[in-house]
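Numbered by the numbering used here, the letters in the sequence shown go through residues 78 to 217 in order.
Virtual Cβ for every residue (Gly too), placed ideally from N, Cα, C.
Note that the coordinates shown come from a computational prediction; the quantities given were computed from them, not determined experimentally.
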Amino acid sequence: SNCGITQLPMKSMLLLHHRLQPLHRTWRGAPMFEMSAGVGDRFIFVAKVADRTVGVAYLSRTWTLERGGDSVWLEELYVEPELRGRGIGQRLLQAAIEHARALGCAGMELEVEANHGRAANLYRRFDFVELPRRRYSRPL
């Protein structure tokens, strides 16, 4: 696949959000404009084919007791549906992992919807292990 992966400055996140939001239901209503603060702990990578943004990986760094140091949460890995299966998601994930390693992070965490077997398979190929726990969320 003729796809380039680049890291974007966080100030570009708002523009990217508006471009991809209609394509991805989990981004609806997300307060992306607030993400420009604290840019040292947030990172975004984009996949482009020609000059068209076709995918994104968004990472957030945090310190965890479980890892005893910095860890990265893979908040979002998304590739436009018509371009899936071409290795774009793999390249985004590889860029995210390499960036986390360069930062000295001890691990990377993520979640996958229970019915999203294709994504789960991608993560297993990159040596992610399914944990025996559930994740909970509460709006504030």
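CB of L187 within 8 Å of CB of L151, strictly: yes
Alpha-carbon spacing of E157 relative to W140, whole angstroms: 31 Å
Which listed residue (L199, V149 and V131) has its alpha carbon closest to that of L180: V149
7 Å Cβ shell around C182 - same chain, five flanking residues per side excluded: R138, D147, S148 and V149
Beta-carbon proximity check, A134 vs A177, cutoff 8 Å: no
Straight-line gap, A124 to C80 (C-alpha atoms, nearest Å): 6 Å
Complete runs of the beta strand (DSSP E) confined to the region 129-212 [at least 3 residues]: 129-141, 146-156 and 184-186
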